[in-house]
DNA sequence: ACGGTCATGTAAAGTGTTACATGATTAC
DNA sequence: GTAATCATGTAACACTTTACATGACCGT
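Following this line, the structure appears as structure tokens:
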């Protein structure tokens, strides 16, 4: 599934500009999809050319002018068809885990730093997840609840695992550290 | 981090052919990286051109001939430098979660099917993880242990979450089903 | 004044996926 | 005999990332 289809999906929920859609990727989709402006704007142009969305441009003298996109009936049908045909894949790409895998080739300092950074990122993601859940206005749909809960469950598992197992890569690696303290 | 660098990393552990490396991606790296032959073979050719690996071709009359790659000292240094510079990102791309997010636009049958399929895939991944851990021969390194445990911890969290929460998207969606049984 | 947010878009470069092309060997 | 596994590689295509280019508005 490509960014184009995801944009169409967002527009099936509500009218939005490219900028709004980017926000949606950063909040609602943050657990499972990323996209930048460089993918979103061309995608919207293509959707428009294909007649799957329409575009109202708010003229604000000079400047780019905010463009609000709306899905057409053809667009809605196309999205539903895409959902029917999409294979439910689930793919991870983690440089963090690559680094952990090759822990023996890294200095202990750097390892600690990387683990701390990952731990901080996880805490950040919790905060962002809370922000998303408590948006004032409409309550979460069933799908949003499921996905939000899924993200949180996996985040919790990751946090716990890292806390309890970071010693596997941080210790024994080099035998240089003279303090084996804490009886 | 690209496939080329990962291939170099594998070769820092042991000599291998392109085919062997593919196997490595499917087992050791299965939790966090995927790569096909179409990425691996060109990567090995480039590494060879750059002098980061050498290549011994086992001549077997006719046919392609198995090529066994070995890392050079320059290659080892280059990999260690890459580890130093790599940002520890962690990215998920999940069509499965997209489908769940848009559950309201899908028929209940299809939803059930998708959830069952994901559940089966998770069980498969457990089996593959066990196979990897119990390879006869050398015991797991610290890095391998950490990554293998991480993968398993997240798999367990995903399994549990799906079991306990699939009703969120499978039920209430359409009110058509006449059986609300089990008072 | 300055930094952050809002706002759109293009072009080039980098990367990965898929399909194609070929063929031997091993296990059932 | 048939399917799976071993084994390598190319070419076309698809997609994303990054850098660039521009500029207003709002709050402090």
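Residue numbers (this note's numbering), protein chains in the order written: chain E, 658 to 840; chain P, 658 to 840.
Where is the CB? At the ideal position from N, CA and C, for every residue including glycine.
Note that the structure is predicted; figures quoted are calculated from it, not measured.
Contact between the segment 806-826 of chain E and the segment 770-787 of chain E (3+ Cβ pairs under 8 Å): The answer is yes - the segment 770-787 of chain E touches the segment 806-826 of chain E, with three or more Cβ pairs under 8 Å.
Buried or exposed by the 16-neighbour rule on C-beta atoms within 10 Å, applied to residue 710 of chain P: Flag for residue 710 of chain P reads buried.
Candidates E:746, E:658, E:790, E:769, of which the one nearest residue 773 of chain P by Cα: Check the Cα spacing between residue 773 of chain P and each of E:746, E:658, E:790, E:769: the tightest is with E:746.
Backbone secondary structure at residue 791 of chain P - three-state DSSP: In the structure shown, residue 791 of chain P sits in coil (DSSP, three-state: anything other than H, G, I, E or B).
Through-space distance from residue 808 of chain E to residue 622 of chain E, alpha-carbon basis: Only positions 658 to 840 of chain E appear in this structure, which leaves residue 622 of chain E out of reach.
Interface positions of the segment 730-752 of chain E facing chain P (Cβ-Cβ less than 9 Å), listed along the chain: Contacts with chain P (Cβ-Cβ distance below 9 Å) from the segment 730-752 of chain E involve 733, 736, 737, 740, 741, 743, 744, 745, 746, 747, 748, 749, 750, 751, 752, listed in chain order.
Residue 805 of chain E and residue 726 of chain E closer than 8 Å at C-beta: Result no, Cβ atoms of residue 805 of chain E and residue 726 of chain E do not sit closer than 8 Å.
Coarse secondary structure for residue 711 of chain P, derived from DSSP in three states: In the structure shown, residue 711 of chain P sits in a strand (DSSP, three-state: E or B).
Residue 626 of chain E (DSSP reduced to helix, strand or coil): Outside the shown range of chain E, which is 658 to 840, sits residue 626 of chain E, and nothing can be said about it.
Run of the beta strand (DSSP E) containing residue 751 of chain P, from where it starts to where it stops: The continuous beta strand (DSSP E) containing residue 751 of chain P extends over residues 747-751.
Beta-carbon contacts of residue 728 of chain P that lie in its chain and below 6 Å, excluding the five residues immediately before and after: Once the five neighbours on either side are set aside, the close Cβ partners of residue 728 of chain P are 668, 669, 710.
Where residue 673 of chain P falls: helix, strand or coil (DSSP): Strand.
Beta-carbon spacing of residue 760 of chain P, residue 685 of chain E below 8 Å: Taking C-beta atoms as the reference points, residue 760 of chain P and residue 685 of chain E fail to come closer than 8 Å.
Residue burial classification, residue 775 of chain P (beta-carbon count within 10 angstroms, cutoff 16): Note on residue 775 of chain P: 16 or more other CB atoms within 10 angstroms of its CB, so buried under the neighbour-count rule.
Straight-line gap, residue 750 of chain E to residue 758 of chain E (C-alpha atoms, nearest Å): In this structure, the CA atom of residue 750 of chain E is about 13 Å from the CA atom of residue 758 of chain E.
Stretch-stretch touch, CB-based, cutoff 8 Å, three pairs: the segment 695-707 of chain E with the segment 731-746 of chain P: Judged by Cβ distances under 8 Å, the segment 695-707 of chain E makes no contact with the segment 731-746 of chain P, as fewer than three pairs qualify.
Beta-carbon separation (whole angstroms), residue 740 of chain E vs residue 763 of chain P, contact threshold 8 Å: Right, the Cβ-Cβ distance comes to about 6 Å (below 8 Å), so this counts as a contact.
Cα-Cα separation between residue 744 of chain P and residue 753 of chain E, rounded to whole angstroms: Going from the Cα of residue 744 of chain P to the Cα of residue 753 of chain E covers about 8 Å.
Short CB-CB distance (under 8 Å) between residue 704 of chain P and chain E: Under the Cβ distance rule, residue 704 of chain P does not count among the residues neighbouring chain E, no pair being separated by less than 8 Å.
Residue 692 of chain E burial status per 10 Å Cβ neighbour count (16 or more: buried): Under this definition residue 692 of chain E is a buried residue.
Members of the segment 796-811 of chain P that neighbour chain E once the beta carbon cut-off is set at 7 Å: Hits within the stretch, in order: 798, 799, 800, 801, 802, 803, 804, 806, 807, 810, 811.
Residue 774 of chain P at chain E interface by Cβ criterion, 8 Å: Output row for residue 774 of chain P: interface = yes.
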